[in-house]
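This report concerns only the one structure given below.
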Amino acid sequence: MKITVCIGSSCHLKGSRKIVEELQRLISEKQLKDQVELAGTFCMGKCKSGVCVTLDDDFYSLTPETTEDFFEKEVLSRL
Ligand code: FES
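Here the numbering used here is used: the first residue of the sequence shown is 2, the next is one more, and so on.
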């Protein structure tokens with residue numbers, strides 16, 4: 002499974018770095034490094050949607066506050 006976080010300037014301002022850190026933390030905490038690949042991407046063209054994140058082919062809009070929830074509901078349930 003692959004999670005891609007937008008690190009374009011608009012998403013960066015909305016906290017994409019924090020989201021990446023949070024995801025890294027959750028992935029290593031749950032020892033999922035072999036199963037979940039984390040990547041960054043430049044602007045996805047949906048800046049208004051907040052920090053743009055894709056999980057495989059699905060699109061999500063996250064904030065640092067909703068990242069853990071997303072991880073638990075969307076990521077863990079797919080493993
Ligand atoms: S900067 Fe993230 S979608 Fe544009």
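Idealized CB from N, CA, C, for every residue including glycine. Nothing here was measured: the structure is a model prediction, and the numbers come from that model.
Distance from the CA of glutamate 66 to the CA of glycine 41, rounded to the nearest whole angstrom, comes to 19 Å.
Taken atom to atom, the span from the alpha-carbon of serine 11 to that of threonine 68 is near 18 Å. Rounded to the nearest whole angstrom, the CA to CA distance from histidine 13 to glutamate 75 is 22 Å.
Per DSSP, the unbroken beta strand (DSSP E) holding glutamate 38 starts and ends at 38-42.
In the DSSP annotation of this structure, the continuous segment of the alpha helix (DSSP H) that includes cysteine 12 starts and ends at 10-14.
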